[in-house]
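Notes follow the structure.
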Amino acid sequence: MTMRTSFEVAADSRSTQGKGASRRLRRSGKVPAILYGGNSEPSNITLDQQNLMTLVDKEKFYSTIISLKIDGKSQPALVRDVQMHPAKNQVVHVDLLRVLEDQPLRLHLPIHFLNEASSPGVKLQGGTVSHLRTDIEISCLPKDLPEALELDIGAMNIGDSIRLSELKLPEGVTIPELVHGRDAPVVAIH
7 MTMRTSFEVA ADSRSTQGKG ASRRLRRSGK VPAILYGGNS EPSNITLDQQ NLMTLVDKEK
67 FYSTIISLKI DGKSQPALVR DVQMHPAKNQ VVHVDLLRVL EDQPLRLHLP IHFLNEASSP
127 GVKLQGGTVS HLRTDIEISC LPKDLPEALE LDIGAMNIGD SIRLSELKLP EGVTIPELVH
187 GRDAPVVAIH
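Written as structure tokens, this is what we have:
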């Protein structure tokens, strides 16, 4: 089975490392990055700053598998970390995880809360929604990776809450916290 990829990102191999080399790359419009994991050694690569800036604002970029084209060869990867410059709107460094079809992934997925305003606890009873979690760590194979978790809270009343164990997960997706007995609340209406 093939993996779904949402974005295609061009990359080039790089042989230079260190602070000076990274600064020169950034001045030339490139971003230093590293691709690690899988059964291969870590690879130092460069990404295009302009192309990256169009992607970093998209929530989906962080929770889907991207197709990384390194010197023309395609490699599935997952964005693990994006470091931004503290003063400029500029990416400083990117960490990417190599994805293998048969190895489970662990990552944080965003939660999209649906029907919040139409919930009886908010609309009729004057309650307030407390988002106790905005993302959840999940574990699954790459083929089962959802873009986000949707949670319909349209039937909640004041005093109601939804816990991790009550979430409806897609097939093949698990929450590692539940394995360790931590069934924390996700959302509540007060």
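The numbering of the sequence shown is the working numbering, which starts it at 7 and goes up by one.
In this text, a Cβ means the ideal position worked out from N, Cα and C, and glycines have one as well.
Under 9 angstroms between C-beta atoms of residue i and residue j
i, j, result
"residue 160", "residue 122", "yes"
"residue 168", "residue 193", "yes"
"residue 15", "residue 75", "yes"
"residue 60", "residue 38", "no"
"residue 133", "residue 196", "yes"
"residue 50", "residue 81", "no"
"residue 147", "residue 109", "yes"
Own chain partners of residue i with C-beta closer than 7 angstroms, once the 5 adjacent residues on each side are dropped
i, result
"residue 103", "42, 43, 83, 84, 86"
"residue 66", "12, 153"
"residue 88", "62, 97, 100"
"residue 28", "38"
"residue 93", "none"
"residue 189", "169, 170, 171"
Close beta carbons around residue i, own chain, < 6 angstroms, minus the five adjacent residues each side
i, result
"residue 70", "12, 153"
"residue 55", "35, 37"
"residue 4", "The question about residue 4 has no answer here: the residues shown for the chain are numbered 7 through 196."
"residue 166", "195"
"residue 7", "Low local confidence applies: a pLDDT of 39 at residue 7 is under 50, so the model's placement there is unreliable, with the coordinate-based value given in what follows. Excluding positions up to five away in sequence, the list reads 149."
"residue 64", "none"
Nearest-angstrom Cβ-Cβ length linking residue i and residue j, presumed shorter than 8 angstroms
i, j, result
"residue 124", "residue 162", "So it is not a contact: roughly 10 angstroms between Cβ atoms."
"residue 151", "residue 111", "6 angstroms"
"residue 182", "residue 138", "The Cβ separation is near 18 angstroms, so there is no contact."
Element boundaries [beta strand (DSSP E), containing residue i]
i, result
"residue 193", "191–195"
"residue 156", "155–158"
"residue 89", "79–90"
"residue 129", "Per DSSP, residue 129 belongs to no beta strand (DSSP E); it is in the alpha helix (DSSP H), 126–129."
"residue 62", "Neither: residue 62 is in no beta strand (DSSP E) and is coded neither H nor E."
"residue 136", "135–137"
"residue 145", "141–146"
N-terminal and C-terminal residue of the alpha helix (DSSP H) that residue i is part of
i, result
"residue 30", "25–33"
"residue 182", "182–185"
Cutoff 8 angstroms; reference residue i; Cβ partners in own chain excluding five residues on either side
i, result
"residue 157", "117, 118, 119, 120, 168, 173, 192, 193"
"residue 95", "59"
"residue 32", "38, 55, 96, 98"
"residue 180", "144, 145, 146"
message: Whether or not the stretch 108–117 and the stretch 128–145 are in contact is what I'm after, with contact meaning three or more pairs of Cβ atoms, one per stretch, closer than 8 angstroms; do they touch?
response: At 8 angstroms Cβ cutoff, the stretches touch.
Validate contact between the stretch 176–195 and the stretch 87–101 using beta carbons, cut 8 angstroms, 3 pairs: By the Cβ criterion, the stretch 176–195 is not in contact with the stretch 87–101, since fewer than three pairs of Cβ atoms, one from each stretch, lie closer than 8 angstroms.
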